[in-house]
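Report on the structure given below.
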Amino acid sequence: MRAGAGQLRILPVWQALGQHAAQARRTRIHCSKKHNVDEMTVMFEAVSTSDLREVAWRLNAQSWVVATSLQTLAADSSTAR
1 MRAGAGQLRI LPVWQALGQH AAQARRTRIH CSKKHNVDEM TVMFEAVSTS DLREVAWRLN
61 AQSWVVATSL QTLAADSSTA R
């Protein structure tokens with residue numbers, strides 16, 4: 001998700017994740033001075049696409065959020081269990 005520079009609010013992001021916060025496996029925060037935005041990427045394990053869409057919808061409802069995007073990766077058959 002993206003927010004204007006200095007506007008990223010971590011606690012509301014985790015609240016928006018709701019019950020899926022426990023499945024967050026990696027988080028990355030990037031501040032782009034060039035584009036004047038802060039970006040946060042959260043990678044999940046074992047969360048359905050429909051549930052992630054709901055999380056994105058909750059984040060987009062926040063006035064300080066500029067944009068959210070959802071990217072899903074196909075499970076690697078060699079590591080899928």
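Last residue of the sequence shown: number 81 in full-length UniProt numbering, and the count goes up by one each step with no gaps.
Glycine included, each C-beta is placed from N, C-alpha and C at the ideal position.
Asked, Found
"Counted within 10 angstroms of its Cβ, other Cβ atoms place Ala16 as buried (16 or more) or exposed", "buried"
"The alpha helix (DSSP H) enclosing Ser50, as first and last residue numbers", "49-60"
"Beta-carbon proximity of Val37 to Arg9, cut-off 8 Å", "no"
"Neighbour-count burial assignment, residue 99, 16 or more Cβ in a 10 Å radius", "A query on residue 99 cannot be resolved here, the shown segment of the chain reaching from 1 to 81 and no further."
"Unbroken stretches of the beta strand (DSSP E), 3 residues or longer, contained in the stretch 14-42", "24-32"
"Cα-Cα separation between Val55 and Thr49, rounded to whole angstroms", "10 Å"
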